[in-house]
Every structure is written in structure tokens, then in C-alpha cells.
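Written below as C-alpha cells is the structure these notes are about.
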Amino acid sequence: MQIHLSFDYELFFGTSSGSIDNCILKPTQRLMDLSKKHQVPFVFFVDAGYLLQLKNHNHIVQCKSDYDKIALQLLELKAAGHEIALHIHPHWEDSFFKNNSWKINTTRYKLADFTDTEIDHIVTKYHQAIIDITQIPCKSYRAGGWCIQPFEPIKKALIKNNILVDSTIFHNGFHSSSAHSYNFTSSPNKDEWCFDNDPCTESSNGLYTEIPITADRIPPLFYWNLYFKMKSNPAIYKPLGDGNWLVDKKRIYKHFYSGTNHFACADGFFASRLSSILTRCENQQRKRMMVLSHPKSLAPYSFDALDAFINKAKTKGHTFSTITS
Ligand SMILES: [Zn+2]
Numbered sequence: 063m064q065i066h067l068s069f070d071y072e073l074f075f076g077t078s079s080g081s082i083d084n085c086i087l088k089p090t091q092r093l094m095d096l097s098k099k100h101q102v103p104f105v106f107f108v109d110a111g112y113l114l115q116l117k118n119h120n121h122i123v124q125c126k127s128d129y130d131k132i133a134l135q136l137l138e139l140k141a142a143g144h145e146i147a148l149h150i151h152p153h154w155e156d157s158f159f160k161n162n163s164w165k166i167n168t169t170r171y172k173l174a175d176f177t178d179t180e181i182d183h184i185v186t187k188y189h190q191a192i193i194d195i196t197q198i199p200c201k202s203y204r205a206g207g208w209c210i211q212p213f214e215p216i217k218k219a220l221i222k223n224n225i226l227v228d229s230t231i232f233h234n235g236f237h238s239s240s241a242h243s244y245n246f247t248s249s250p251n252k253d254e255w256c257f258d259n260d261p262c263t264e265s266s267n268g269l270y271t272e273i274p275i276t277a278d279r280i281p282p283l284f285y286w287n288l289y290f291k292m293k294s295n296p297a298i299y300k301p302l303g304d305g306n307w308l309v310d311k312k313r314i315y316k317h318f319y320s321g322t323n324h325f326a327c328a329d330g331f332f333a334s335r336l337s338s339i340l341t342r343c344e345n346q347q348r349k350r351m352m353v354l355s356h357p358k359s360l361a362p363y364s365f366d367a368l369d370a371f372i373n374k375a376k377t378k379g380h381t382f383s384t385i386t387s
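The C-terminal position of the sequence shown is numbered 387 in this note's numbering, with every residue numbered one higher than the one before it.
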């Protein structure tokens, strides 16, 4: 099996975006150490709108310094053989830096909230913001907040940028809130497929390839367990990032009472599920396992669990790779 450990490289988008050191730089450095130890490459979906906004605010000393730190780390990731992929959170269009912090406006959280012409500009200029640093065009895309639908207007912009691989879908994923909107309940339950106008509809001659995030079904007991672990031992289970998630409170409470559709993930205590997901993928004779995590949400526990997971998977003969290698 090919295993892809992917990380959405970004700040938080709730009431506090958090610090660049704790949300991005330090956890990513620990990931680089882990990758070096095991000699395995990772995939980083870089929130390119953030890069562009740092650049737009380069008259502010902190923004210029943060841009330089991110650029340096992206070059280190590239040199170490990790894949740098495109991640788009278009709400950066409406967000700005003032009084030492980002004022995040998520009124227009998904690309579908913009016109076709605006989408074309956003995708192209965000992609260019990554190329300006790495000098290499991206090959893979992941929509911010999983909001990839409707796909048609995004499709034209991605073709223009020669990005033909997507990794946004997780089987049975569904969310509808003021910010998020996605419905993957009709997606194929496969390791990869081709598509054209709708990533949930397989099309044998489709121009695009979907490499979905491995789905997971989480029982309510897990969330009770997570809650008590965080309370009783925050030094181990609390994420390193110091910002706040953009949350849908109604949805969070639901997790405690009914099973929820999620995905393979190493964030915080979610990393405890990786080993059993691996076994399930083996039993189902899967060819791929795609894990989605966030540097900002990794806890000390996550790094130990990832270390154990990589060891176990390698021992069983599985390989770790980037998506497009
Ligand atoms: Zn994101």
C-alpha cells in the first residue's frame, strides 16, 4: 500500500489565528525531524492565500519577518523531498493584519462564494505565491475546509494552472454551516478515480484524478475519551497550535451522541486511530491510505503515534510517498 501523510500548512481561522511559531514553524520542524528519522516524504498543502497576504503586508515588520520564516521553511521542505501542494482558503481576500494580529473574515469562506472571474484570479495568484518561493509549480490541490463544490468554476482555473490531481474528498463526508458546505455522500468508495465536472462522479476519461482522504467512522465514545484526555493530560494531548478553530458548535455536540464520518488523521488524539485504520485498509486490500493532519493541531501525543505508525507500516511492507511522485 502507498501511504501519504499530508499536512494542511496553515494558521487557525477562528477568533484567534494563533502564532506562526506554534501553529506552523515548530510543529513542521518536528515533522521534518520525524521524516528524516524514517526517511519518508510527506505532502504539505500550503495555505497560499496566507503567503500572499503576508507579502501584501510586507510594509509591516512582523509580516515581512513571518513571510521570510515561512519561505525559508518551504525551501527546507522542498530540499528534503516533500511535496508542496496548493491549498486555497479564499477568505484571505477579506482578511487583513491590524494591531499585531490577523482580522479573519470568513463571510466568503469557500471559492463558490466568489464569481468565476474572481476564482480564476484567486487560484492563479495564490498558486503563483507558492511558485515565487519554491520555483516549482504545484501538481496537487486540496480545497480549504473541503469546500470543493461546485467544482466547475474551480476546474477552469486549475486547468489553467496545470493542476490535475485533487485530494479533498473523503467518502460520506458532509457538512453544511454558514461557512462550510460539502457533500461527499455520493463519492466512490475507492482509492482513486478520474472525474471531470464533479469530483464525486467517476468518469473513466476524466481529466482529473481524485486521490481521496481515507475515510473513518468515529463512534461517540471516542469524543468522550478525547475530551477527558485533553482535560486530564493537556501536556500530552493538547495541540501545539495556540489559535482557535473555526467551529460549528451544533456539530461538535452531535459528535458526543452519534457516530460521525471523519477521515484518517494524526491531529491530537485522532492519531490513536491510525493503527486500526491501517489494519482496515489492509483487510479491504486498499492500494492507498491518505492521512490528513494539520501541523497546528498536532499534540506531543501525535508525534509519538505517527512515529509508531510509520514503524508499523514499514515493517508490514507499506511505502510512504508524495502524491505525484
Ligand atoms: Zn485548510
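Even glycine gets a Cβ: it sits at the ideal position worked out from N, Cα and C.
| query | Nearest CA to the CA of Cys125: which residue from Phe107, Asp366, Gly76 and Phe159? | reply | Within the sequence shown, the letter at position 63 stands for residue 125. Looking at the Cα atoms, Phe159 is the closest of the given residues.
| request: Decide yes or no for the touch test of the stretch 102-113 against the stretch 183-197: beta carbon pairs closer than 8 Å, at least 3 of them. | output: yes
| said: Please classify Val102 as buried or exposed, where buried requires at least 16 neighbouring CB atoms within 10 angstroms. | reply: Taking the first residue of the sequence shown as 1, we reach residue 102 at position 40. Buried: at least 16 other Cβ atoms inside 10 Å.
| Can you give the Cα-Cα distance for Thr77 and Tyr315, rounded to whole angstroms? | Mapped onto the sequence shown, residue 77 falls at position 15. Mapped onto the sequence shown, residue 315 falls at position 253. Going by the C-alpha atoms only, they are around 19 Å apart.
| Residue range of the alpha helix (DSSP H) that includes Ile132 | Start at 1 with the first residue of the sequence shown, and residue 132 comes out as number 70. Segment Val123 to Ala141, the alpha helix (DSSP H) holding Ile132.
| message | As a quick exercise: from Cys209, Ser79 and Phe104, pick the residue whose alpha carbon is nearest that of His144. | response | Start at 1 with the first residue of the sequence shown, and residue 144 comes out as number 82. Nearest option by C-alpha distance: Phe104.
| task | Assign Lys311 to one of two classes, buried (16 or more other C-beta atoms within 10 Å of its C-beta) or exposed (fewer than that). | result | Locating residue 311 in the sequence shown gives position 249, where the first residue counts as 1. Exposed, since its Cβ has fewer than 16 Cβ neighbours within 10 Å.
| Alpha carbon to alpha carbon, what distance is there between Asn224 and Glu344? | Locating residue 344 in the sequence shown gives position 282, counting from the first residue. Locating residue 224 in the sequence shown gives position 162, counting from the first residue. Using only the alpha carbons, I get a separation of about 33 Å.
| query | Counting Cβ pairs, one atom from each stretch, are 3 or more of them under 8 Å apart for the stretch 115-122 and the stretch 347-366? | reply | no
| For Ser79 and Gly321, believed in contact at Cβ under 8 Å, the rounded distance | Against the sequence shown, residue 321 aligns to sequence position 259. Against the sequence shown, residue 79 aligns to sequence position 17. Incorrect: roughly 32 Å between the Cβ atoms, too far for contact.
| task | Please state whether DSSP places Asp182 in a helix, a strand or coil. | result | Working through the sequence shown from its first residue, we reach residue 182 at position 120. DSSP places Asp182 in helix when its eight states are reduced to three.
| task | Could you spell out the range, first to last residue, of the alpha helix (DSSP H) harbouring Asn345? | result | For the purposes of this step, residue 345 is identified with residue 283 of the sequence shown, where counting begins at 1. Note, Asn345: alpha helix (DSSP H), Leu336 to Asn345.
| request: Kindly indicate which three-state DSSP category His66 falls into: helix, strand or coil? | output: Indexing the sequence shown from 1 puts residue 66 at position 4. Strand.
| Stretch-stretch touch, CB-based, cutoff 8 Å, three pairs: the stretch 242-252 with the stretch 200-212 | yes
| field | Cβ neighbours of Tyr319 in the same chain (closer than 7 Å, five flanking residues each side left out) | value | The residue you call residue 319 lines up with position 257 of the sequence shown. Answer for Tyr319: Pro282, listed in chain order.
| task | Would you check whether ligand 1 has a heavy atom nearer than 7 Å to the C-beta of Gly330? | result | The count along the sequence shown starts at 1 and reaches residue 330 at position 268. It does not: the Cβ of Gly330 is nowhere closer than 7 Å to a heavy atom of ligand 1.
| said: Restricting to Cα atoms, I'd like to know which of Ile216, Ser239, Lys222 and Ser240 is closest to Thr402. | reply: Not covered by the structure: residue 402. The range shown for the chain is 63 to 387.
| message | Let me make sure I understand the geometry here. Which of Ala375, Leu368 and Thr381 has the alpha-carbon closest to that of Met94? | response | Working through the sequence shown from its first residue, we reach residue 94 at position 32. When each option's Cα is compared against that of Met94, the closest is Leu368.
| task | Report buried or exposed for Phe290, applying the criterion of at least 16 other Cβ atoms within 10 angstroms of its Cβ. | result | Mapped onto the sequence shown, residue 290 falls at position 228. Answer is exposed; the Cβ neighbour count stays below 16.
| said: For Asn373, tell me which candidate among Arg92, Ile86, Asn84 and Leu96 has the shortest Cα-Cα distance. | reply: Reading the sequence shown from its first residue, position 311 is the one you call residue 373. Comparing Cα positions, the closest option is Leu96.
| field | Inter-residue CB distance, Ile82 and Asp128 (contact presumed, cutoff 8 Å) | value | Position 20 of the sequence shown, counting from 1, holds the residue named residue 82. Position 66 of the sequence shown, counting from 1, holds the residue named residue 128. Between Asp128 and Ile82 the Cβ distance is about 5 Å, and since that is below 8 Å, they are a contact.
| message | Please determine whether the Cβ atom of Asp72 lies at a distance below 7 Å from any heavy atom of ligand 1. | response | The residue labelled residue 72 in the question sits at position 10 within the sequence shown. It should be noted that the sequence gives Glu, not Asp, for residue 72. Yes, ligand 1 has a heavy atom inside 7 Å of this Cβ.
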